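Structure first, then comments.
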DNA sequence: GGGGGCAATGTGAATAATCGCGCCTCCGAA
DNA sequence: TTCGGAGGCGCGATTATTCACATTGCCCCC
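Residue numbers (the numbering used here), protein chains in the order written: chain X, 9 to 221; chain Z, 9 to 221.
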């Protein structure tokens, strides 16, 4: 969909087909458990032929990451391009959710990296998460600043990241439990409704009410 | 803590030490990427010695899962032992969160299984999640039944599961971003506060207000 | 009490499969 | 004719697993 080779030719280049196959398999098995033989099999070539297009396994992994990061960091720079209002946060979150539904591979790769490490993990953290954890001076809205002062803000950032990412990485299990495709259109709408409702609760946060337990 | 060998002797048996080491490494790398040599190294023995205690790699994995499932399914059967009131859901969720903080390995193993599969994955789903997705006749509270009728209930179940599990599985990345231990006592309290606030929002749900986007 | 068996538990060596990766050949299109 | 790219071959490392063997502690019987 954002593959430049598709724009110029009907058939993607071998390098792009390798990238597509590698992205899927890296996302499923993680870096170390992915074998280049599996990647080559899916492309339809032999594994030594991969070395005509990528220096080695790590370079292939790096190329996969780079292509994903290009796509997924776009909404964040868009959000940073103006004042952080409630409404713009709503739209940003919805964009993120739709993006992860369209391509679950980044979340899966990220989850593998968080669990097992692997090359370029620190770069992943910096480019995807670091901006969200730095205190942003352009945040507006009284409720939001109140929330910020409670010290709960980073935990809210983590919470919504968890909501989005874990839905994707746990999707294979949820498929069995729901009895329907977790990436279908109706599933996406349901998840969006629930996330928006929870986000409203954060925006409407007025401090700590009486404990329930 | 629930190790029977500790009750009778000060030093755990070799089988238990193997289980402990295997649990950590399986949780970090997943089933297929875990090498028995690594497990043996951590125990301080050679890998063929593992076969004196477990039939093969899969049996060791199964034993690790079984021990974890014993611990983690306890709160769920406790919740099922009576009417599902708001307050009892609060307490159950808090217990679950504290349990995952005390031992993050189940969440990590589960995440690996969801991403990459592995032996006994279906059994994991059945024993940990299936009960939460079946409509429960003992649910009480008007808000809750209203919520149930919207069809959003399974999505709420998934959402809170995502909140708890992803916090644990993403913890290595959050450690860098927070600048503090995600499993410290204060971190636990912060996460609990935020989850309780979101759970209150679900309980207070009165239907769909005007869209924000 | 002493010794003979025996089960439990460790080890090194060996095996077959798989892995990443480099070398070299060959083919087909420009 | 040239050259990018695919494949065949194979090296060295790692994997799970098996096997023969050494050692230890314990029980039982003489």
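By construction, the Cβ of each residue, glycine as well, lies at the ideal position given by its N, Cα and C atoms.
Small disclaimer: the values here were computed from a predicted structure and weren't measured.
Neighbours of residue 122(X) across chain Z, judged by C-beta separation under 7 Å: 177, 178, 180 and 181. Note that the segment 179 to 198 of chain X touches the segment 162 to 174 of chain Z; at least 3 beta-carbon pairs, one per stretch, sit closer than 8 Å. Runs of the alpha helix (DSSP H) lying entirely within the segment 173 to 203 of chain Z and spanning at least 4 residues, in chain order: 179 to 186.
Boundaries cannot be given for residue 146(X), as no alpha helix (DSSP H) includes it and DSSP labels it neither H nor E. Looking at 203(X), 34(X) and 27(X), the one whose alpha-carbon comes closest to that of residue 115(X) is 34(X). The three-state secondary structure of residue 51(X), taken from DSSP, is helix. Following the DSSP letters along the chain, one finds residue 37(Z) inside the alpha helix (DSSP H) bounded by residues 22 to 37.
Residue-level contact check: residue 55(X) does not touch chain Z, since none of the beta carbons of chain Z fall below 9 Å from its beta carbon. Scanning its chain for C-beta atoms nearer than 7 Å, with the 5 sequence neighbours on each side dropped, one finds around residue 32(X) the residues 113, in chain order. One Cα belongs to residue 81(X), the other to residue 135(X), and the distance between them is close to 7 Å. Here residue 65(Z) has 44 as same chain residues with Cβ atoms under 7 Å from its own Cβ, once five neighbours each way along the sequence are excluded. Annotated as distal: residue 92(X) and residue 36(X), with beta-carbon spacing of 9 Å or more. Residue state for residue 19(Z) is assigned as coil, using DSSP reduced to three classes. Within the DSSP secondary-structure output, residue 92(Z) pairs in a beta bridge with 147(Z). Look at residue 213(Z): its C-beta is under 9 Å from a C-beta on chain X. Burial check for residue 47(X): the Cβ neighbour count within 10 Å reaches 16 or more, so the residue is buried. Residue 158(Z) carries a coil assignment under DSSP once its states are collapsed to helix, strand and coil. Put simply, the CB of residue 22(Z) is far from chain X, with every gap to its CB atoms at 9 Å or more.
Cβ-Cβ distances below 8 Å link residue 171(Z) to 203 and 206 in the same chain, with the five nearest sequence neighbours on each side left out; the list follows chain order. Under a criterion of Cβ atoms nearer than 9 Å, no residue of chain X is adjacent to residue 126(Z); the nearest Cβ is some 10 Å distant. Rounded to the nearest angstrom, the Cβ distance from residue 200(X) to residue 102(X) is 6 Å, consistent with a contact under 8 Å. Of all residues in the segment 27 to 49 of chain X, those with a C-beta nearer than 7 Å to a C-beta of chain Z are 36, 37, 38, 40 and 41, reading in chain order.
Under the 9 Å criterion on CB atoms, residue 206(Z) is classed as interfacial with respect to chain X.
In chain order, 133 make up the part of chain Z whose C-beta sits under 7 Å from the C-beta of residue 184(X). Along the segment 74 to 102 of chain X, going in chain order, the ones with a CB nearer than 9 Å to a CB of chain Z are 94, 95, 98, 99 and 102. Apart from the 5 residues on each side of it in sequence, residue 23(X) sits with its Cβ closer than 7 Å to the Cβ of 61 in its chain, given in chain order.
DSSP places residue 65(X) in the helix class (H, G or I) of the three-state scheme. By the beta-carbon neighbour count (other beta carbons within 10 angstroms, threshold 16), residue 143(Z) is exposed.
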